[in-house]
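Start counting the sequence shown at 29; every next residue gets the next number (the numbering used here).
Each remark here refers to the structure printed beneath this line.
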Amino acid sequence: MKTEIKLSVELDSNRVPEKIHWDAPDGGVKNEAAKALMLALWDHKKQEAARIDLWTKDMPVDEMKVFFHQTLVSMAQTFKRATDDDKMAATMMDFCDYFAEKLELKK
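Listed below in structure tokens is the structure:
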């Protein structure tokens, strides 16, 4: 079995992202717009992460802060599921709370 996730990025003349769209047919996503993306892949041979971080030039800074916070929370949750390390996952969540507090994201 195989599935595909497609990312499409439209650039301006300076190669700055103007539009980002993605497709994930198995998840019911077709040509969905996004203003930012963070993608990390593990390169087993090099033993390092390969990363792509893009955002459109019209991505508001306040939304970027929320995007980062939600991404950090997601990473802490994924770390817990992947490693079963409760102590470090809790420490990561503490940082997420601190991050949100300092950026005044909590309502």
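From the three backbone atoms N, C-alpha and C, an ideal C-beta is built for every residue, glycine too.
### Query
Per the contact definition of three or more C-beta pairs closer than 8 angstroms, is the stretch 82 to 89 in contact with the stretch 116 to 126?
no
### Query
CB-CB under 8 angstroms to Asp40, same chain, minus the five flanking residues each way: which ones, in chain order?
Glu46, Lys85
### Query
Of the residues Ala62, Trp50, Pro53, Thr31, which one's Cα is nearest the Cα of Phe95?
Ala62
### Message
When you compare the CB positions of Asp51 and Lys34, do they come within less than 8 angstroms of one another, or not?
### Response
yes
### Those runs of the beta strand (DSSP E) which lie wholly inside the stretch 43 to 93 and span at least 3 residues
45 to 52, 57 to 62, 64 to 71, 76 to 83
### Message
Relative to the C-alpha of Met120, which candidate in Lys134, His97, Lys30 has its C-alpha closest?
### Response
His97
### Message
Are the CB atoms of Thr111 and Met66 within a distance shorter than 8 angstroms?
### Response
no
### Query
Which same chain residues, not among the five before or five after Glu38, have their C-beta less than 6 angstroms away from its C-beta?
Glu46, Lys47
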